[in-house]
Structures are given as structure tokens and as C-alpha cells.
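Start counting the sequence shown at 1; every next residue gets the next number (the numbering used here).
C-beta atoms are modelled at their ideal positions from N, C-alpha and C, and glycine is treated no differently.
Have a look at the structure below before the remarks.
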Amino acid sequence: GNRRLPSPAVVQSLFVYGTLQPGDVRWSFLAPYAADEGTVDSVTGQLYDTGRGYPAATFGDAGVIHGRVFGLRPETLDEALAVIDAEESSVEGLYVRVVVETHGGRRAYAYAYGRGLDLTPIPSGRWAPVG
1 GNRRLPSPAV VQSLFVYGTL QPGDVRWSFL APYAADEGTV DSVTGQLYDT
51 GRGYPAATFG DAGVIHGRVF GLRPETLDEA LAVIDAEESS VEGLYVRVVV
101 ETHGGRRAYA YAYGRGLDLT PIPSGRWAPV G
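See the structure below:
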């Protein structure tokens, strides 16, 4: 009974549900680090409209958030996370990076809402950029 537990796998994917998605305003922050075209996926949680042109999410509650999972290039993983962390924390809402399990079975980072905004639930769980 001396089994060693496997070391936690390094998370090398990012689940995006808002303005980091391709075609939206902050895709340029993620694009240089994406290792693939992304896969349509979803996670358990609640999506909100902040009224500021970007959404917010809380994970683990009832509901579904639709988005995409991107693999991140291993050689630039730390840089990617530093760049996107800085960008996500620069907006109001104090977003924090967490690890989520997607419905497609991937462990991925995602940015969860912190506090300080008036939120309106988006029942569909889908963020649609305006315009």
C-alpha cells in the first residue's frame, strides 16, 4: 500500500467564454499563445453581462457556460498566463484564474469573476459580442 499519487498534471489549456474568443476584442492577447484552433466546449457555471462590453462567470454553480478550450503552447505557457492574467486583472471585476473541468473532460484554466460589478445573468450561457 505504498502507491505514489500521480503529480498533478500541468494545466496547458484555457477555457474562454467572452472577449478572449476568436473575433472578439481581446482575442489578440491569446492568439500568439494558442497551440490549436480551439474546441467548442462548456463548463458548469453561470454567465453574466457586466454592462461594460465583457461578460463575467462564476463556476461550479448550476447552469452551463458555452465557450472554447484552447491548448496553450508549452514553451510560452508561463508568458501566456502572465500576459492574460495582467489583462484580465486590468478590467473592473477583479477576475481570478481558476482551474475548471470542462464537459469535454479537459482540465483548463478559466477566469472567474471576483467582485464589484452589477451583474445580469445570461440564461443561454453564451456571450455574443455586439456589432
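Three-state secondary structure (DSSP) of residue i
i, result
"residue 128", "coil"
"residue 25", "coil"
"residue 115", "coil"
"residue 76", "helix"
"residue 47", "strand"
"residue 100", "strand"
"residue 84", "helix"
"residue 90", "coil"
"residue 33", "helix"
Cβ-Cβ distance between residue i and residue j below 8 Å
i, j, result
"residue 64", "residue 42", "yes"
"residue 13", "residue 106", "yes"
"residue 109", "residue 56", "no"
"residue 59", "residue 100", "yes"
"residue 38", "residue 69", "yes"
"residue 76", "residue 111", "no"
Rounded distance between the beta-carbons of residue j and residue i, thought under 8 Å
i, j, result
"residue 120", "residue 49", "5 Å"
"residue 47", "residue 95", "The Cβ separation is near 13 Å, so there is no contact."
"residue 84", "residue 15", "Incorrect: roughly 12 Å between the Cβ atoms, too far for contact."
"residue 71", "residue 118", "35 Å between Cβ atoms; not a contact."
"residue 87", "residue 52", "Incorrect: roughly 14 Å between the Cβ atoms, too far for contact."
Whole-angstrom distance between residue j and residue i, CA atom to CA atom
i, j, result
"residue 66", "residue 125", "6 Å"
"residue 20", "residue 78", "18 Å"
"residue 62", "residue 40", "20 Å"
"residue 81", "residue 89", "12 Å"
"residue 123", "residue 74", "35 Å"
"residue 22", "residue 128", "12 Å"
"residue 116", "residue 31", "29 Å"
"residue 27", "residue 104", "22 Å"
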